[in-house]
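Trainee: Below you'll find the structure I mean.
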Amino acid sequence: MRVGLLFPDRDLDLAHPFPFGWEDVEHDLGLGDVYRAMAGEDGYLLEVVRKVLAQGLTSQAATVLHRQEAVREALERPDLVEALYTLAGETLAAKRRESYGLFRRDRPDLYGAIKAMEALLKGLRALLALLQRTPLTSPPFQALEARLEAVLTPAFFRQAEAHLEALRFPKGVWMAAGLSREGRSQGYTLLPPEERRAWWPFGKRPRTYVLTLHPRDEAGARILGEIREKGILEAAKALATAVEEVARFFESLRAEAGFLLGAARLAGRLKALGLPLAFPTPAEGLRLAFRGLYDVGLALRQGMAVGNDLEAHDRNPILITGANRGGKTTFLRSLGLAQLFLQAGLFVGAERFESGLVDGLFTHFKREEDRALEAGKFEEELRRLDGLVAHLTPKPLFLFNESFAATSELEGSELGAQVVRALVEAGVRVVFVTHFYTLAAAFLGDERTLFLKAERLPDGRRTYRLRLEPPEPTAYAQDLLRQVFGEEAG
1 MRVGLLFPDR DLDLAHPFPF GWEDVEHDLG LGDVYRAMAG EDGYLLEVVR
51 KVLAQGLTSQ AATVLHRQEA VREALERPDL VEALYTLAGE TLAAKRRESY
101 GLFRRDRPDL YGAIKAMEAL LKGLRALLAL LQRTPLTSPP FQALEARLEA
151 VLTPAFFRQA EAHLEALRFP KGVWMAAGLS REGRSQGYTL LPPEERRAWW
201 PFGKRPRTYV LTLHPRDEAG ARILGEIREK GILEAAKALA TAVEEVARFF
251 ESLRAEAGFL LGAARLAGRL KALGLPLAFP TPAEGLRLAF RGLYDVGLAL
301 RQGMAVGNDL EAHDRNPILI TGANRGGKTT FLRSLGLAQL FLQAGLFVGA
351 ERFESGLVDG LFTHFKREED RALEAGKFEE ELRRLDGLVA HLTPKPLFLF
401 NESFAATSEL EGSELGAQVV RALVEAGVRV VFVTHFYTLA AAFLGDERTL
451 FLKAERLPDG RRTYRLRLEP PEPTAYAQDL LRQVFGEEAG
């Protein structure tokens, strides 16, 4: 059986490795605040959220739209996804209690497998009942219910329970075997109990032999026990395999319902703050347009947010300049988070968001110098960039924040301009925050480039909004004057 809540054609793969540089992405975009809102103190759910967001970087439009339907249902019925997550977890815990050590050896414990399957069947009954009493509206949830109803019929449960009862062998174990050339028994085959009745209908029955053990014959009892184990071994293996298959279904259900539960929790937090949420539209190519886009992580920390509007169309690169502490880094994070959320099938922190899908996300943010390292800050930046470039995907989004600021403006601008041009020519979508006027000015006159600037009012106050405006060589003059001479300067 397949869960299919997050993917139209498969289940979530929690064993899939994280993409290169993912921990940097998490750090640079401030995903820790998002994780805490979605997972709380649940370590398992935290890993599920991380995996889904990371794997979303390879999503196709069909997967995005499919998952958005499931997320919408989760936002409408948070109690449902919480119940699914809890049910799956409790069922798996019951299975583990009954089958402890069951699969640690070549000879699985038949009795343990029976108890484990009974726990799983109980979970399947509860799952089907939960879905059937809920008025589901989204295709992913409706399809899951339909798949379960097609398999989990009353006849299925009756037959499964009958098989489990038969495997308890209330009338003893009945098996067939042959002899090898050396006279050793071999080829043990388990027979159904019904074959014990009138199994030789033609004329006189063949002669039978009965061996009765003395109560103190420990060696004989041990030998008969070994023969019994050989007879039921294949049945035990088959049942153990079935147990693991059903358990995998519940593992997938727990993970996928868990992610949807996290989405419902995050939406609840943001709605409680009065902030807008919107389901984004996956677009073609480099298209990028949004209204009211804000940094979800910052909003969770501060309880408020400032949104930005943009119609970038297919412009590439996007260069961002302007005043210090004017919202440039916050904007960069808001854009990175929105792209991740889009590709994961989530809502975004905006009134509207539309963007082309990418197949990778890379961040190169400035770092504080580590005095324990032999290399300097600028050399560390170059090494980090070299590693990222070596793992570039065909059409990623690359976010730079004050990169190459550890060297002179002339050297940093020259290097930055070369890097941006090379990436753009390779089909990479680039968004670059810099305080180097020389770097930004290198792209003046390039019709493909979009310039944004952090807004500052005449009195020096920041609005934390960005506006369409080319770079200015005196962008920081007033900032420097105020730092040196105080607020009355200028």
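Per the UniProt record's numbering, the very first residue in the sequence shown carries number 1; after that it's consecutive. All residues carry an ideal CB built from backbone N, CA and C; glycine is no exception.
What three-state label does DSSP hand Ala286 in the structure shown?
Mentor: Position 286 of the sequence shown holds residue 286. Note on identity: in this sequence residue 286 is Leu, with Ala being the wrong assignment. Residue state, collapsed to three classes: coil.
Trainee: For His163, write down the residues that DSSP places opposite it in a beta bridge.
Mentor: Residue mapping note: residue 163 aligns to position 163 of the sequence shown, counting from 1. Looking at the DSSP assignment, His163 forms no beta bridge with any residue, so it has no partner.
Trainee: Using the Cα positions of Ala74 and Phe141, report the straight-line distance between them to the nearest angstrom.
Mentor: By 1-based counting over the sequence shown, the position of residue 74 is 74. By 1-based counting over the sequence shown, the position of residue 141 is 141. Cα to Cα, Ala74 sits roughly 10 Å from Phe141.
Trainee: For the pair the stretch 279-287 and the stretch 376-390, tell me if three or more CB-CB distances fall below 8 Å.
Mentor: These segments do not touch.
Trainee: For Arg196, does the three-state DSSP call read helix, strand or coil?
Mentor: The residue labelled residue 196 in the question sits at position 196 within the sequence shown. Low local confidence applies: a pLDDT of 48 at Arg196 is under 50, so the model's placement there is unreliable, and no value is given.
Trainee: In chain order, which continuous runs of the beta strand (DSSP E) of length 3 or greater are located wholly inside the stretch 70-141?
Mentor: For the stretch 70-141, not a single whole beta strand (DSSP E) run of length 3 or above is found.
Trainee: With DSSP collapsed to three states, give me the class of Ala235.
Mentor: By 1-based counting over the sequence shown, the position of residue 235 is 235. Helix at Ala235.
Trainee: Please report the residue range of the beta strand (DSSP E) in which Ser355 lies.
Mentor: Position 355 of the sequence shown, counted from the first residue, corresponds to residue 355. From DSSP, the beta strand (DSSP E) with Ser355 extends over Arg352 to Gly356.
Trainee: According to DSSP, is Phe169 helix, strand or coil?
Mentor: Translated into the one-based positions of the sequence shown, residue 169 becomes position 169. In this structure, Phe169 counts as coil in the three-state DSSP scheme.
Trainee: Cα separation between Arg456 and Ala312?
Mentor: As a first step, residue 456 is located in the sequence shown; it is residue number 456 there, counting from the start. As a first step, residue 312 is located in the sequence shown; it is residue number 312 there, counting from the start. Distance between the alpha carbons of Arg456 and Ala312: 21 Å.
Trainee: Based on the DSSP secondary-structure assignment, which residues constitute the bridge partners of Leu397?
Mentor: The residue labelled residue 397 in the question sits at position 397 within the sequence shown. Answer is Leu361 and Arg429.
Trainee: Can you give the beta carbon distance from Leu288 to Leu277, rounded, assuming they're within the 8 Å contact cut?
Mentor: One-based indexing of the sequence shown puts residue 288 at position 288. One-based indexing of the sequence shown puts residue 277 at position 277. With 8 Å as the limit, Leu288 and Leu277 do not qualify as a contact, their Cβ atoms being about 19 Å apart.
Trainee: Candidates Phe347, Pro396 and Leu466: which alpha carbon is nearest Glu69's?
Mentor: Counting from 1 along the sequence shown, the entry for residue 69 is found at position 69. It is Phe347 whose Cα lies nearest to the Cα of Glu69.
Trainee: Using 8 Å as the threshold, is the C-beta distance between Ala327 and Ala454 below it?
Mentor: Within the sequence shown, residue 327 is the residue found at index 327, counting from 1. Within the sequence shown, residue 454 is the residue found at index 454, counting from 1. Here the sequence assigns Gly to residue 327, which means Ala is not the residue at that position. A contact, by the Cβ cut-off of 8 Å.
Trainee: Alpha carbon to alpha carbon, how far is Gly285 from Gly356?
Mentor: By 1-based counting over the sequence shown, the position of residue 285 is 285. By 1-based counting over the sequence shown, the position of residue 356 is 356. Going by the C-alpha atoms only, they are around 5 Å apart.
Trainee: Can you tell me whether Ala176 is buried or exposed, with buried defined as 16 or more other CB within 10 angstroms of its CB?
Mentor: Residue mapping note: residue 176 aligns to position 176 of the sequence shown, counting from 1. Exposed is the call here.
Trainee: Can you confirm whether the stretch 20-27 touches the stretch 313-321 when touching is taken to mean that 3 or more C-beta pairs between the two stretches lie within less than 8 Å?
Mentor: Output reads no: the stretch 20-27 does not touch the stretch 313-321.
Trainee: Rounded to whole angstroms, what's the CA-CA distance from Glu414 to Gly427? Just pull it up for me.
Mentor: The residue you call residue 414 lines up with position 414 of the sequence shown. The residue you call residue 427 lines up with position 427 of the sequence shown. Rounded to whole angstroms, Glu414 to Gly427 spans 20 Å at the Cα level.
Trainee: Under three-state DSSP, which class holds Ala292?
Mentor: In the sequence shown, the residue the question calls residue 292 occupies position 292. The sequence given here places Gly at residue 292; Ala does not occur at that position. Three-state DSSP puts Gly292 in a strand.
Trainee: Taking only the alpha-carbon atoms, compute the straight-line gap between Gly416 and Phe290 and give it to the nearest angstrom.
Mentor: Sequence index remark: in the sequence shown, residue 416 carries index 416 (1-based). Sequence index remark: in the sequence shown, residue 290 carries index 290 (1-based). Cα-Cα distance, rounded: 27 Å.
Trainee: Can you tell me whether Val419 is helix, strand or coil according to DSSP?
Mentor: As a position in the sequence shown, residue 419 is number 419, starting the count at 1. Reduced to three states, the DSSP call for Val419 is helix.
Trainee: Check whether the stretch 86-94 and the stretch 49-60 touch, using three or more Cβ-Cβ pairs below 8 Å as the test.
Mentor: No: the two stretches stay apart, fewer than three of their Cβ pairs being nearer than 8 Å.
Trainee: For His435, tell me which candidate among Phe400, Ala162 and Arg67 has the shortest Cα-Cα distance.
Mentor: In the sequence shown, counting from the first residue as 1, residue 435 sits at position 435. Nearest of Phe400, Ala162 and Arg67 to His435, Cα basis: Phe400.
Trainee: Is there a Cβ of chain B sitting closer than 8 Å to that of Glu76, yes or no?
Mentor: Of the protein chains in the structure, only one exists, and it is not chain B.
Trainee: Pick from Val430, Gly4, Gly40 and Asp13: whose alpha carbon is nearest that of Leu266?
Mentor: Numbered from its first residue, the sequence shown carries residue 266 at position 266. Closest by alpha carbon: Gly40.
Trainee: Where does Lys377 sit, in a helix, a strand or coil, going by DSSP?
Mentor: Translated into the one-based positions of the sequence shown, residue 377 becomes position 377. In this structure, Lys377 counts as helix in the three-state DSSP scheme.
Trainee: Name the DSSP bridge partner or partners of Arg462?
Mentor: Position 462 of the sequence shown, counted from the start, is the residue given in the question as residue 462. DSSP output for Arg462 lists Arg456 as bridge partner(s).
Trainee: So, is Gly490 buried or exposed, given that buried needs 16 or more other C-beta atoms within 10 angstroms?
Mentor: Residue 490 sits at position 490 when you count from the first residue of the sequence shown. Any answer about Gly490 is weak, because its pLDDT of 42 lies below 50 and its placement is not dependable; what the coordinates show is given next. The residue is exposed, with fewer than 16 neighbouring Cβ atoms inside 10 Å.
Trainee: Out of Gly412, Leu14 and Thr463, which has the shortest C-alpha to C-alpha gap to Thr330?
Mentor: In the sequence shown, the residue the question calls residue 330 occupies position 330. Out of Gly412, Leu14 and Thr463, Thr463 has the C-alpha closest to the C-alpha of Thr330.
Trainee: Between the Cα of Gly387 and those of Lys377, His364, Ser408 and Leu397, spot the shortest distance and give me the residue it belongs to.
Mentor: The residue you call residue 387 lines up with position 387 of the sequence shown. Here the closest residue by C-alpha is His364.
Trainee: Looking at the strands, I want to know which residues DSSP matches up with Phe451.
Mentor: Against the sequence shown, residue 451 aligns to sequence position 451. The partner list for Phe451 (beta bridge, DSSP) reads Leu319.
Trainee: Check whether the Cβ atoms of Val34 and Ala257 lie closer than 8 Å to each other.
Mentor: Mapped onto the sequence shown, residue 34 falls at position 34. Mapped onto the sequence shown, residue 257 falls at position 257. No, they are not a contact pair.
Trainee: On the DSSP bridge list, what partners appear for Leu468?
Mentor: Residue mapping note: residue 468 aligns to position 468 of the sequence shown, counting from 1. Partner(s): Leu452.
Trainee: Report back the beta-carbon spacing between Leu332 and Val424 to the nearest angstrom; my notes put them in contact at under 8 Å.
Mentor: By one-based count along the sequence shown, residue 332 stands at place 332. By one-based count along the sequence shown, residue 424 stands at place 424. Not really, about 17 Å apart at Cβ, beyond 8 Å.
Trainee: Whole-angstrom Cβ separation of Gly349 and Ala299, contact assumed at under 8 Å?
Mentor: Along the sequence shown, read from residue 1 onward, the residue named residue 349 stands at position 349. Along the sequence shown, read from residue 1 onward, the residue named residue 299 stands at position 299. Yes, they are in contact, since the Cβ atoms of Gly349 and Ala299 sit about 6 Å apart, within 8 Å.
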